[in-house]
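Engineer:
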Amino acid sequence: MNPFSGRPWPEPAPAEVAPPAATVAAEPSVSPGRKRSPRKPATEPAPVLDLPLDEAAAGAAEAGTVERTLTSDGATRLLATAYIGIGNRLFIRGEGPGLSWDKGVPLQFVSIGKWRWETNEATGPVRYKLYKNDEQECAALGEHAIEPGHLQEVTAPF
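Oh and the sequence shown: position 39 is 698 in my numbering, straight run, nothing missing.
Following this line, the structure appears as C-alpha cells:
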C-alpha cells in the first residue's frame, strides 16, 4: 500500500524482451580524442667554455668569493653569505666607522645564510674580518677592504 495516497501500488508492467538483433560487424568507432600540441624542438646543450682558471681565481673560489659593486645611495655595505647554524651570529671587526679589532659589531640578519653591515660614514677604505659569535675568525676569508660607497658581497665558509 502506498503510504502517501493510501491506495495499493500498481502492478508493474510486463517487461518486453527484444529479440536479439542480427550481429553485424560494426566498424569500431573512433573517438576524436584530445588534440595534442606540437612537439617541442629538441634543445641543444648550451655551449660550455673550457677556460683554465688562473691561480688567483682558484684561490678565491676556495677561500670564499668576493664581488664588488658601486651602491646607488653612497652607503658602504657588506653582504655576507655564511651558513653558521641556528642561534649563531656573524660579527665584523676592523678599521672604519664604528669598528674595532678588539670587539665585533653584529651584522644584521637578512635571510637564511645572508648577513648585512652598512655605514654612511666611511671616508676611506674599511678593513675588516668576519667572526662567528665574535669568537671564531673566518680564517678562510681572511682580511678584506671595502671602498667607500661600494657594496661588497662575500662568502664566508666556517
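Quick reminder that beta carbons are idealized off the backbone N, C-alpha and C, glycines included.
Fair warning: this is a prediction, and the values are worked out from it, not measured in the lab.
1) I want to know whether the segment 786–795 touches the segment 748–759 - three or more CB-CB distances under 8 Å.
2) Going along the chain, which residues of its own chain have a beta-carbon closer than 7 Å to the beta-carbon of leucine 768, five neighbours each way excluded?
3) Can you give me the C-alpha to C-alpha distance between alanine 781 and tyrosine 742, rounded to a whole angstrom?
4) Using the Cα positions of glutamate 721 and alanine 815, report the straight-line distance between them to the nearest angstrom.
5) Keeping to the same chain, check which residues put their C-beta closer than 6 Å to that of asparagine 779; ignore five residues upstream and five downstream.
6) State yes or no: is the C-beta of arginine 736 within less than 8 Å of the C-beta of glutamate 777?
7) Can you list, in chain order, the residues of its chain whose CB lies under 8 Å from that of glutamate 847, leaving out five sequence neighbours each side?
8) Any idea if leucine 758 is buried or exposed, counting beta-carbon neighbours within 10 angstroms, 16 or more meaning buried?
Structural biologist: For this structure:
1) yes
2) For the record, residue 768 in the displayed sequence is phenylalanine; it is not leucine. Trp774.
3) 27 Å
4) Interpretation of glutamate 721 is limited by its pLDDT of 48, a score under 50 that renders its predicted location unreliable; no figure is taken from the coordinates.
5) Ala734
6) yes
7) Outside the shown range of the chain, which is 660 to 817, sits residue 847, and nothing can be said about it.
8) buried
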